[in-house]
Amino acid sequence: MDKFDINVLYVEDDVLTQTFFSNIITPIVANFYMASNALEGLEIFNKHDIDLVITDIIMPEYDGFYLVQEIRKTSKCKVIFVAANNDSETLMRAIDLQVEGFIAKPISFKKVFELLEKFSTVIQNEKQIEVYKNNLLNLVEDRTSELTALNEEYRALNEEYISQNEELNEFNRKLEESKEKILKSEHKYRSLFENMNEAFAFHKIILDNNHHPIDYKFIDVNPAFEKMLKKKRIDVIDKTVCEIFPGIENDPANWIQKYGNVALTGNPIAFEDFSIPLQKWYSIKAYSPKKNFFAATFTDITNRKLSEQNLKESEARFKALSEYSHNAICLVDEHAKIVWANQSLAKMGQLTVEELCNSESFAQFIAPESIEFVVSNFTKFVMGEEYEHHYSFYFIRTDGEMRLCEKYMTHYTDKNGSRFLVISMLDVTEQRKNEAEKYAQLEELQRWQKVTLGREDRNMELKKEVNELLKRLNEPIRYKSQNEN
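Residue numbers for the sequence shown follow the numbering used here, beginning at 0 and rising by one.
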């Protein structure tokens, strides 16, 4: 396959992604340059004739938006963003910077190839057009200087001019095609706006005579916003928020002032708050594409907030039930560290709760006789495998005494994805000692019972033999019960 005759600059801070992208692009383009950050990318861009810039958005110190802003000061070269999530804010900023396309993460070779093929054609056409234009200008300039001297050369120049004019017409045709592609691209972005999962609205802030925010007007909204508001777009556009929600200026969330600050200063904001009119919690991101205007996206997080509240209540109930339980109870994280313990466990180990939680590992309280099994079972929990939920082990107190304990375990995962063991233990040392003593006494009783029963059986046999002997001697039998038997 012939290489695409273009020079490509790729900016990415992740080494693995760099390697993957380099392996894809290097064989198929004329020249491939790679940078690890925005500043390095600018340096390479200024040194070389770059046709296409492909850059990650999120990078340390200076992001992809900064890189493209600097490039746009001197160049209109093609730019493609690489992003894991093309949210509305990213899309709006990309459009403002004349970004030509997006490559979604994880990166698809097919998508990369299609974009390179597309932009290679566009870039080559533009270069060819530029060459044609320059050639035409040079030819016109050269021929014009000879017109007064050579009429024959004038005719030849005129013919060449006609030919170049045809090429210029072809250029104009291609230019119209490019405009059509741009219109299609705009339609695609509009379609993306209309089909966003997030509710999106564009507004203009309204100021009083002292330039303080007092209201804002809805300029445009997407279908998701209509669904959130339970109002049609036609009933919202050109209306103010105070008209739609009378009294909202007194809402504790202070919506108008927050959005006003964004529209006037250009500083974006992200926050979570409760909407009194809609009776729901929302995660909101707002930014200003130009002064006195702001755009905002809304995500319904009501269920998450309720879950968090339920979790807090469950944690409170758990602590209330377990704090003074007779059983020794603790929470252990995936690093074997005790993150919470009740008073019963502290008493068992002859430590304070703080000393338990500051200990390096739960394993330091396990006796050598039990350590191998306990650690092996804990490893199964960490690896996500099935583990023993109930077993006995020896616990070491600070005075060195070993206590036999029964352990019951289960686990849970918190909202951050961290897993914890919930351990309940009971010291059964005395109980097992008493059980052993009772068992020994029972065995002794059973042994004496066997001895006693053996003697009775022997006496019965002797009585029987005496009766038999007396019977032979024609003497009266002595043990009549034996005779009857």
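Think of the CB as a built atom: it goes at the ideal place given N, C-alpha and C, for glycine as much as any other residue. The model shown is predicted, which means the values in this text are computed figures rather than measured ones.
Judged by beta-carbon spacing, Asp12 lies within the 8 Å limit of Pro59, meaning their Cβ atoms are closer than that value. Contact between the region 110–123 and the region 301–318 is not established, with fewer than three Cβ pairs separated by less than 8 Å.
Gln123 and Asp48 have their C-alpha atoms some 14 Å from each other. If you check the CB distance, Gln163 and Leu206 do not come in under 8 Å. Rounded to whole angstroms, Asn133 and Glu140 show a C-alpha spacing of 10 Å. Judged by DSSP secondary structure, Ala93 falls within the alpha helix (DSSP H) whose first and last residues are Ser87 to Asp95. When DSSP assignments are scanned along the region 23–86, the uninterrupted stretches of alpha helix (DSSP H) that are 4 or more residues long and fall wholly within it turn out to be 37–46 and 63–71. Here Met347 carries a helix assignment [DSSP, helix/strand/coil].
Within the same chain, Ala345 come within 8 Å of Thr351 by CB-CB distance, once the 5 residues on both sides are set aside.
Boundaries of the beta strand (DSSP E) around Asn6: Phe3 to Val10. Per the DSSP secondary-structure output, Ile205 pairs in a beta bridge with Asp214. Excluding the 5 residues flanking it on each side, Asp4 has same chain C-beta neighbours closer than 6 Å at Ala29, in chain order.
Annotated three-state conformation of Gly100 is strand, per DSSP. Between Asn341 and Ser324, the gap from beta carbon to beta carbon is short of 8 Å. With a 10 Å radius around the Cβ and a threshold of 16 neighbouring Cβ atoms, Gly399 comes out exposed. Pairing Phe372 with Gln349, the inter-Cα distance amounts to about 24 Å. The continuous alpha helix (DSSP H) containing Met227 extends over residues Pro222 to Leu228. For Leu41 against Glu69, the beta-carbon gap comes to about 6 Å, under 8 Å, which counts as contact. CA-to-CA, the gap between Lys432 and Met347 works out to about 18 Å. DSSP, reduced to helix, strand and coil, places Ser274 within a strand of the structure shown.
Rounded to the nearest angstrom, the gap between the Cα atoms of Phe293 and Ser74 is 28 Å.
In the structure shown, the three-state DSSP call for Asp141 is helix.
Using a Cβ distance threshold of 8 Å, Phe392 and Ser369 count as a contacting pair. For the options Gly259, Pro276 and Ser274, the alpha carbon positioned closest to that of Ile268 is the one of Gly259. Check the Cα spacing between Gln278 and each of Asp299, Ala262 and Asn291: the tightest is with Asp299. The DSSP-derived three-state label of Lys406 is strand.
Per DSSP, Val331 is one residue of the beta strand (DSSP E) stretching across Ala327 to Asp332. Scanning its chain for C-beta atoms nearer than 7 Å, with the 5 sequence neighbours on each side dropped, one finds around Phe377 the residues Ala335, in chain order. About 5 Å separates the beta carbon of Tyr386 from that of Phe380, a gap short enough to meet the 8 Å contact definition. It is roughly 23 Å from the alpha-carbon of Asn266 to the alpha-carbon of Asn249. The shortest C-alpha to C-alpha distance from Ala82 to any of Glu125, Met33, Val10 and Ile27 is the one to Val10. Look at Ala262 here: in three-state DSSP terms it is helix.
Note: Asp234 is not bridge-paired with any residue in the DSSP secondary-structure output.
Of Tyr438, Met408, Gln440 and Leu403, the smallest CA-CA separation from Thr428 is found for Leu403. Within its own chain, the residues whose Cβ lies closer than 7 Å to the Cβ of Lys470, once the five positions on either side in sequence are excluded, are Ile476, listed in chain order.
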